[in-house]
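Visitor: Provided herewith is a single structure, encoded as structure tokens, for subsequent inquiry.
In full-length UniProt numbering, the protein residues as written are 1 to 78.
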């Protein structure tokens with residue numbers, strides 16, 4: 001469950017560890033009034049309760065992705 005001030009307001013729909021960001025990321029369904037970027041929430045996991053912050057859906061800088069794609073495509077056929 002996703003909580004705000006101890007009240008259940010939503011649920012996590014997907015979560016994983018990001019090696020690039022070196023932290024856990026995820027998606028959650030919450031009411032629109034809690035969806036503003038920067039809103040602090042709490043996520044209850046079976047083993048612990050963790051803090052979460054509403055973030056923009058872009059988890060990476062596009063210029064970094066372009067560099068990665070260029071490096072990958074230049075290795076084609078090697």
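All C-beta atoms in this analysis are idealised placements derived from N, C-alpha and C, irrespective of residue type, glycine included.
If you're wondering where the values come from, they're calculated on a predicted model, not measured in any experiment.
At the level of alpha carbons, what is the spacing between residue 24 and residue 10?
Guide: To locate residue 24, count along the chain shown from 1; it is residue 24. To locate residue 10, count along the chain shown from 1; it is residue 10. Rounded to whole angstroms, residue 24 to residue 10 spans 18 Å at the Cα level.
Visitor: Would the beta-carbon of residue 44 fall within 7 Å of that of residue 1?
Guide: Here residue 44 refers to the residue found at position 44 of the chain shown. Here residue 1 refers to the residue found at position 1 of the chain shown. For residue 44 and residue 1, yes; Cβs fall inside 7 Å.
Visitor: What does a CB cutoff of less than 7 Å around residue 8 pick up in its chain, not counting 5 residues either side in sequence?
Guide: Translated into the one-based positions of the chain shown, residue 8 becomes position 8. Around residue 8: 1.
Visitor: Exposed or buried, which one is residue 13 when buried takes at least 16 other CB atoms within 10 Å?
Guide: Walking along the chain shown from the start, residue 13 turns up at place 13. Looking at its Cβ environment, which holds fewer than 16 other Cβ atoms inside 10 Å, residue 13 is exposed.
Visitor: Identify the continuous beta strand (DSSP E) that holds residue 52 and give its terminal residues.
Guide: Residue 52 sits at position 52 when you count from the first residue of the chain shown. Per DSSP, residue 52 belongs to the beta strand (DSSP E) from 49-53.
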